[in-house]
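Residue numbers (my numbering), protein chains in the order written: chain E, 334 to 715; chain Y, 25 to 422. For every residue, glycine included, the Cβ atom is placed at its ideal position computed from N, Cα and C. This one's a predicted model, so the numbers in the text were calculated from it and none came from an experiment.
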Amino acid sequence: MDAINQGIYLDYASTSPLLDEVLEATQVLLPQFYANPDSLHTPGSKMAALQQRARKQIAGLLGCQDHEVIFTSGATEANNMAIKGIALANQAKGKHIVTTAIEHKSVMSAITQLVDHFGFECTILPVDAKGNIDLHQLEASLRKDTILVSVMAVNNEIGTVFPIDSITQIVKLYSKAYMHVDYVQALGKIELQLQRVDAASFSGHKIGGLKGSGVLFKGQNVPMLPLLSGGQQENYQRSGTSNAIANITFAKAMRLAIESQPDSYHKANRWKQRIISECKQIEGWACISAEDASPFIISMAYPKVPSQIMLNALDQKGIYVSAISTCSTKSQQVSYVHQAIGLSEDRSRSVIRVSLSSMTKDEDIEAFIQAYKEVIFHGYST
Amino acid sequence: MVTQPNIIVVRFAELSTKGKNRKQFITMLRQNIQEVCKGFPSCKVQQAYDRIYVLVNDENASELMNRLQDVFGIATLSLAYQVPLAIDDIIDAAFTLIQKEPVSTFKVITRRMNKQFPLESDEINRAVARKILQETDFVVDVHKPQVKVLIEIRHHEAYVTVNTIEGAKGYPVKIQGKAMLLMSGGIDSCVASYLSNKRGIEVEAIHFASPPYTSDAAKQKVLDLAKVLTRYQPFIRLHIVPFTDIQMQIAINVPESYRITVMRRFMVRLAQRLAEQRRCKALITGESVGQVASQTLESMSVINEVTTMPILRPLVSFDKTEIIEIAKKIGTYDISIRPFEDCCTIFTPVAPVTKPLLHKAQRFESKLDIETLIEESLAATEVVMIRYNDAKEEDSFF
Numbered sequence: 334m335d336a337i338n339q340g341i342y343l344d345y346a347s348t349s350p351l352l353d354e355v356l357e358a359t360q361v362l363l364p365q366f367y368a369n370p371d372s373l374h375t376p377g378s379k380m381a382a383l384q385q386r387a388r389k390q391i392a393g394l395l396g397c398q399d400h401e402v403i404f405t406s407g408a409t410e411a412n413n414m415a416i417k418g419i420a421l422a423n424q425a426k427g428k429h430i431v432t433t434a435i436e437h438k439s440v441m442s443a444i445t446q447l448v449d450h451f452g453f454e455c456t457i458l459p460v461d462a463k464g465n466i467d468l469h470q471l472e473a474s475l476r477k478d479t480i481l482v483s484v485m486a487v488n489n490e491i492g493t494v495f496p497i498d499s500i501t502q503i504v505k506l507y508s509k510a511y512m513h514v515d516y517v518q519a520l521g522k523i524e525l526q527l528q529r530v531d532a533a534s535f536s537g538h539k540i541g542g543l544k545g546s547g548v549l550f551k552g553q554n555v556p557m558l559p560l561l562s563g564g565q566q567e568n569y570q571r572s573g574t575s576n577a578i579a580n581i582t583f584a585k586a587m588r589l590a591i592e593s594q595p596d597s598y599h600k601a602n603r604w605k606q607r608i609i610s611e612c613k614q615i616e617g618w619a620c621i622s623a624e625d626a627s628p629f630i631i632s633m634a635y636p637k638v639p640s641q642i643m644l645n646a647l648d649q650k651g652i653y654v655s656a657i658s659t660c661s662t663k664s665q666q667v668s669y670v671h672q673a674i675g676l677s678e679d680r681s682r683s684v685i686r687v688s689l690s691s692m693t694k695d696e697d698i699e700a701f702i703q704a705y706k707e708v709i710f711h712g713y714s715t
Numbered sequence: 025m026v027t028q029p030n031i032i033v034v035r036f037a038e039l040s041t042k043g044k045n046r047k048q049f050i051t052m053l054r055q056n057i058q059e060v061c062k063g064f065p066s067c068k069v070q071q072a073y074d075r076i077y078v079l080v081n082d083e084n085a086s087e088l089m090n091r092l093q094d095v096f097g098i099a100t101l102s103l104a105y106q107v108p109l110a111i112d113d114i115i116d117a118a119f120t121l122i123q124k125e126p127v128s129t130f131k132v133i134t135r136r137m138n139k140q141f142p143l144e145s146d147e148i149n150r151a152v153a154r155k156i157l158q159e160t161d162f163v164v165d166v167h168k169p170q171v172k173v174l175i176e177i178r179h180h181e182a183y184v185t186v187n188t189i190e191g192a193k194g195y196p197v198k199i200q201g202k203a204m205l206l207m208s209g210g211i212d213s214c215v216a217s218y219l220s221n222k223r224g225i226e227v228e229a230i231h232f233a234s235p236p237y238t239s240d241a242a243k244q245k246v247l248d249l250a251k252v253l254t255r256y257q258p259f260i261r262l263h264i265v266p267f268t269d270i271q272m273q274i275a276i277n278v279p280e281s282y283r284i285t286v287m288r289r290f291m292v293r294l295a296q297r298l299a300e301q302r303r304c305k306a307l308i309t310g311e312s313v314g315q316v317a318s319q320t321l322e323s324m325s326v327i328n329e330v331t332t333m334p335i336l337r338p339l340v341s342f343d344k345t346e347i348i349e350i351a352k353k354i355g356t357y358d359i360s361i362r363p364f365e366d367c368c369t370i371f372t373p374v375a376p377v378t379k380p381l382l383h384k385a386q387r388f389e390s391k392l393d394i395e396t397l398i399e400e401s402l403a404a405t406e407v408v409m410i411r412y413n414d415a416k417e418e419d420s421f422f
């Protein structure tokens, strides 16, 4: 084991280590199962059968039909595919999209592209200090030409949980728009609400699957223009040789994640309370994540120690957390999620995000609390 | 107060027509349900006079419901609460269940078989409806309700359910004995198997393989199809009969236009032999009149001539689109359309005869040593047992 693996990993919202069960399956699959599932020879059809079984298992877990499961390279692709694909296929009916101010970068950017280059209009719903949208405002934003509403289930930076059921009900009652949900931070963490949802994105590597595995659920009656054209893979909706082993093991990771969800939720809740009760004694410390947010994502600020310094100091102690969304670490700007919830720039620059999963242990939380306090009490303040 | 629906109520199909055979029907259905429940170790099957109850226990109720929807002989299924004979418990259960449904219109229907119960049906209806009206946005519609709340007051307990699902109907599989299905791997033979199951027939399958003209993948396709068909019949015995030598002999000795006719006659002969060995009472094919050259009435009569066994053709009057619709419903379509050659497609002549004559077919066959060819083929036949709940090496990947 190298040094990285001996530390304490608390950045599960970015990605997760492989589950042992996934690792075992991959070790058996990788050397033997190299064939292209679209080949007609024996190794090819074996591969196809395994991938089909994976698709079926995922459909069963999501409560949809087999052919409504589209394997993708990850959630960024799934989000892009759903948003651009559904928008472009339905633009004759209207060119208006509704989303929220705290969506993941891949949703934001996909919509921005549609607005900048394809003549779409977008309403971005503002959020309050806890990250919640106003459902009346959502209702008011829906128009005759609204064709798509894209909302995340759990925010990746502050853990806000959107009421997907109520949002879907409003969207379906007051518009003809399709409803897309980014479920990346919800899978295995909170209960999924897929009733009447038209499209939903999932990521494999956030729940202990391989990198490069994602799924888009898309209802069979929802028109969507494929982003990648070519061969017959995924029913012509996503061409390119299938990443079959990633897809097969995603089914296992998803099953394990959903099976352990109630138990992990319970544990995460306990850990969140534990962190808050210890840290709130520190003067100036604030929990940015709301009380009713997903307990797996705990965003916190201590304005005297900037994020980057806190990150480095914890890193030296072998504790790995994140400052803001990992997908935005290369831009020096303040997080747009923090701006949207009205966080001052000062605070925003001192936020760190601790994110948990079913693999987290009690000791990890205690070690974090101890190290975090050490950094704060023994200097590094600016 | 229970929080999860804990029992599945199974109501029987086609029973009214069965008279004396009622007992046999129920016993067979119960056995078939028990077979399905083997995949759900903690559930229990109980039989009452006019119902079968499946106690869900620790199992996943919706998966169990899905499986039971494939069992023939069931008219309807309901996922229900079994509650004590007390009006408060009945109201609670109904209230919990209806909250899981999208808000719409409802009606309460009570069947009060236990006349000792202190409230009359109408009083029970009113009591339950009052709670729902007071605490939810549901409104009553007695004519076309979206949600029906069904309450059964029985002697020792009451059942409360809101959604009744259609069962597969038909007769319990096996009640009519066994028949031998000619299974090509195409769309039709699977649908024929399903429809035969529906009439209570247990199916054994025979598949003709012509390696190297047909590939291993083509054989795998048939195995995969049989696996899907075990949803409707817990296990299937599949006979894989080598057919290459016979086809070669036919190709050498029979004029092109008669090859299909003679080939089909061989298939029927082989199937009949196996059927007799396996005590099957009939043969089943996926033929539909007029679909291809070998399926004209003239062809059928020439092909039929080699056997005395009844040949059941459940698809005889179906259109292709109707057959495809059923194939999609039963889950075989996507496998059936995998693009592998089967033994029928490889030797297909450009212009097969559509109105073959028996004496010509017999004359062409006289050049072949029919008995030896059949004996050799049967001797090399491979038997595969396919079960719904087969554990496989690959299970560990999932």
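Please list, in chain order, the chain Y residues whose beta carbon lies closer than 8 angstroms to that of residue i.
| i | result |
| --- | --- |
| E/Ile581 | Phe421 and Phe422 |
Starting from the C-beta of residue i, find all residues in its chain whose C-beta is less than 8 angstroms away, skip the five residues before and the five after it, and write them out in chain order.
| i | result |
| --- | --- |
| E/Asn602 | Pro628 |
| E/Gln553 | Gln398, His400 and Glu401 |
| Y/Met89 | Ile32, Leu101, Leu103 and Ile189 |
| Y/Ala317 | Ile284, Ser323, Pro376, Val377 and Thr378 |
Under three-state DSSP, which class holds residue i?
| i | result |
| --- | --- |
| E/Tyr598 | helix |
| Y/Arg75 | coil |
| Y/Val252 | helix |
| E/Asp344 | strand |
| Y/His179 | coil |
| E/Ala434 | coil |
| E/Cys620 | strand |
| E/Arg588 | helix |
| E/Asp461 | coil |
| E/Met643 | helix |
| Y/Asp165 | coil |
| Y/Leu205 | strand |
| Y/Ala311 | First, the amino acid is wrong: residue 311 of chain Y is Glu here, not Ala. Residue state, collapsed to three classes: coil. |
| E/Gln703 | helix |
| E/Phe366 | coil |
Going along chain E in order, which residues have a C-beta closer than 9 angstroms to the C-beta of residue i?
| i | result |
| --- | --- |
| Y/Pro363 | Leu373 |
| Y/Glu233 | Just to set this straight, residue 233 of chain Y is Ala in the shown sequence, not Glu. Going along chain E, no residue has its Cβ under 9 angstroms from Y/Ala233, so there is no contact; the nearest lies around 14 angstroms. |
| Y/Gln244 | Thr375, Ser378, Lys379 and Ala382 |
Under 8 angstroms by Cβ, that's how I've got residue i and residue j pegged, so tell me the actual separation to the nearest angstrom.
| i | j | result |
| --- | --- | --- |
| E/Ser640 | E/Phe583 | Rounded, the Cβ-Cβ distance is 32 angstroms, inconsistent with contact. |
| E/Leu363 | E/Ile578 | 6 angstroms |
| E/His538 | E/Met485 | With a Cβ gap of about 17 angstroms, E/His538 and E/Met485 do not count as contacting. |
| Y/Glu406 | Y/Ile270 | So it is not a contact: roughly 16 angstroms between Cβ atoms. |
| Y/Gln93 | Y/Leu101 | 7 angstroms |
| E/Thr479 | E/Val431 | 6 angstroms |
| E/Asn423 | E/Ala443 | Not really, about 15 angstroms apart at Cβ, beyond 8 angstroms. |
| E/Arg682 | E/Ile630 | That belief does not hold up - the Cβ atoms of E/Arg682 and E/Ile630 are roughly 19 angstroms apart, past 8 angstroms. |
| Y/Ala192 | Y/Ile111 | No, Y/Ala192 and Y/Ile111 are not in contact; Cβ-Cβ is about 35 angstroms, not under 8 angstroms. |
| E/Met692 | E/Pro350 | 7 angstroms |
Determine the chain Y residues that contact residue i at a beta-carbon separation under 7 angstroms, and present them in chain order.
| i | result |
| --- | --- |
| E/Ala358 | Ser420 and Phe421 |
| E/Lys585 | Phe421 and Phe422 |
Leaving out the 5 sequence neighbours to the left and right, which residues in its chain are closer than 6 angstroms to residue i when beta-carbon positions are compared?
| i | result |
| --- | --- |
| Y/Ser145 | Thr134 and Arg136 |
| Y/Gly310 | Asp212, Ser213, Ala216 and Leu339 |
| E/Ala619 | Ala634 |
| Y/Ala118 | Val152, Val173 and Val184 |
| E/Leu421 | Leu558 |
| E/Lys463 | Ala623 |
| Y/Thr331 | Val292 and Gln296 |
For a contact meaning CB atoms closer than 7 angstroms, what does residue i contact in chain E?
| i | result |
| --- | --- |
| Y/Asp240 | Thr375 |
Residues of chain Y with CB closer than 9 angstroms to the CB of residue i, please, in chain order.
| i | result |
| --- | --- |
| E/Leu362 | Phe421 |
With a threshold of 7 angstroms on Cβ separation, who are the neighbours of residue i within its own chain once the five nearest residues in sequence on each side are excluded?
| i | result |
| --- | --- |
| E/Pro376 | Ala368 |
| E/Ser499 | Leu468 |
| E/Met334 | Because E/Met334 sits at a pLDDT of 36, beneath the cut-off of 50, its placement in the model cannot be relied upon, and the point is left open. |
Since residue i meets chain E, which of its residues come closer than 8 angstroms, beta carbon to beta carbon?
| i | result |
| --- | --- |
| Y/Asp248 | Ala382 |
Where the segment 375 to 397 of chain E meets chain Y: residues whose CB sits under 9 angstroms from a CB there: Of all residues in the segment 375 to 397 of chain E, Thr375, Gly377, Ser378, Lys379, Ala381, Ala382, Leu383, Gln385, Arg386, Ala387, Gln390, Gly393 and Gly396 have a Cβ within less than 9 angstroms of some Cβ in chain Y.
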